[in-house]
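In the working numbering, the protein residues as written are 849 to 1150.
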């Protein structure tokens, strides 16, 4: 049985799929398996995945097309490794990623999750940026992660025993932030270790920013809030709850840019004036919508 199970969800991902799989094949650490979950692709994704003469690449065809997180849960049942890593079909790994992470797990039993620095890149316009300019914290940082989630999924590896022991899974009703809910929950059960080295690459697409402004985003935050409240009880402190509440208001206000600046200001008045994000939205609410959205996109990055 492989030491590391790599969960790879696929739906019509032919454009970058070979590049992603090759980045696993090229790892200096070779004791891995890819659990390739094909969510009923209609392009050549299946052909590409099956073209590798490597028994470690295990192809599964979904019996029905589902949401991303239902697919993740289905794939998770086939993952038999001691550790679980994630690689979506358009992202990449540096050659030493798994080797360095597995070595750290060997030396500290308290660690449940390891992540690294990464590069956000847009190959269409040849732009990229480093995700974290400064080192992130390590240790028991559950409260910090609730307040500010900053994991990039392709860099993460987690201890499978933590998942099984606590019967963790992806919330099937999520469409956008299921990874955040899942990984934040894992942090509750142990320590996090951050490797301040670029060991992954996350591909930017044209729809990334549209997800930030998606009307269902604040609804998913509310769903995550309720899941945290039920699971963590009094460990889900007032400060944590307030932080997520402010984020929900902020996301609602972002969506209101399509209505009017007045509606944005009405919504944003529910959070403190000194909140930096709130202040920026208040300022932008006085600009024409097209200009405000362009500025927001520039602030977001690539």
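A virtual CB, placed ideally from N, CA and C, is assigned to each residue, including glycine.
For residue i, is the classification buried or exposed, using 16 other Cβ atoms within 10 angstroms of its Cβ as the cut-off for buried?
i: residue 889; result: buried
i: residue 985; result: exposed
i: residue 1013; result: exposed
i: residue 1048; result: buried
i: residue 1058; result: Note that residue 1058 scores 48 on pLDDT, short of 50, meaning its location in the model is unreliable and no value can be drawn from it.
i: residue 857; result: buried
i: residue 1032; result: buried
i: residue 913; result: exposed
i: residue 876; result: exposed
i: residue 964; result: buried
i: residue 961; result: buried
i: residue 1131; result: exposed
i: residue 854; result: buried
i: residue 1097; result: buried
i: residue 899; result: exposed
i: residue 895; result: exposed
i: residue 946; result: buried
i: residue 1027; result: buried
i: residue 1108; result: exposed
i: residue 1095; result: buried
Could you pull the start and end residues of the beta strand (DSSP E) that residue i belongs to?
i: residue 851; result: Premise fails: residue 851 is in no beta strand (DSSP E) and is neither H nor E.
i: residue 881; result: 880-886
i: residue 1043; result: 1039-1051
i: residue 977; result: 975-978
i: residue 969; result: 959-970
Expressed to the nearest angstrom, what Euclidean distance is found between the alpha-carbon atoms of residue i and residue j?
i: residue 949; j: residue 1118; result: 42 Å
i: residue 1123; j: residue 1082; result: 25 Å
i: residue 870; j: residue 920; result: 21 Å
i: residue 1015; j: residue 1110; result: 45 Å
i: residue 1149; j: residue 1116; result: Reliability fails at residue 1149, whose pLDDT of 43 lies under 50, so the model's placement of it is uncertain and no value is given.
i: residue 1087; j: residue 892; result: 48 Å
i: residue 1042; j: residue 966; result: 11 Å
i: residue 1056; j: residue 1099; result: Note that residue 1056 has pLDDT 49, beneath the 50 cutoff, so the model's placement of it is unreliable and the number below is only indicative. Each residue's alpha carbon lies about 15 Å from the other.
i: residue 906; j: residue 852; result: 13 Å
i: residue 1139; j: residue 975; result: 22 Å
i: residue 1007; j: residue 1120; result: 38 Å
i: residue 1060; j: residue 880; result: For residue 1060, the pLDDT reaches just 47, beneath the cut-off of 50, and the residue's location in the model is therefore unreliable, leaving the point undetermined.
i: residue 955; j: residue 969; result: 32 Å
i: residue 850; j: residue 925; result: 15 Å
i: residue 933; j: residue 1005; result: 4 Å
i: residue 874; j: residue 940; result: 11 Å
i: residue 860; j: residue 1051; result: 16 Å
i: residue 1104; j: residue 1127; result: 15 Å
i: residue 868; j: residue 1079; result: 35 Å
i: residue 1025; j: residue 999; result: 12 Å
i: residue 897; j: residue 971; result: 22 Å
i: residue 929; j: residue 1003; result: 17 Å
i: residue 1077; j: residue 901; result: 47 Å
i: residue 872; j: residue 958; result: 27 Å
Looking at the unbroken alpha helix (DSSP H) that takes in residue i, where does it start and where does it end?
i: residue 1073; result: 1065-1080
i: residue 1093; result: 1086-1103
i: residue 1034; result: 1026-1035
i: residue 898; result: 893-898
i: residue 866; result: 865-873
i: residue 904; result: Counting along the chain, residue 904 falls outside any alpha helix (DSSP H), and DSSP gives it neither H nor E.
i: residue 1127; result: 1124-1132
How about residue i and residue j: do their beta carbons lie closer than 9 Å?
i: residue 887; j: residue 865; result: no
i: residue 1034; j: residue 1010; result: yes
i: residue 1039; j: residue 988; result: yes
i: residue 936; j: residue 1001; result: yes
i: residue 1064; j: residue 1023; result: yes
i: residue 883; j: residue 910; result: no
i: residue 1089; j: residue 1073; result: yes
i: residue 1030; j: residue 918; result: no
i: residue 990; j: residue 1036; result: yes
i: residue 1102; j: residue 1069; result: no
Does the Cβ of residue i lie closer than 8 Å to at least one heavy atom of the ligand MG?
i: residue 907; result: For the structure depicted, the ligand MG is absent and the ligand set is empty, with no information on it obtainable.
Beta strand (DSSP E) runs wholly inside the stretch 909-946, at least 3 long, in chain order: 931-934
Ordered list of beta strand (DSSP E) runs contained in the stretch 980-1017, each at least 3 residues: 1005-1007
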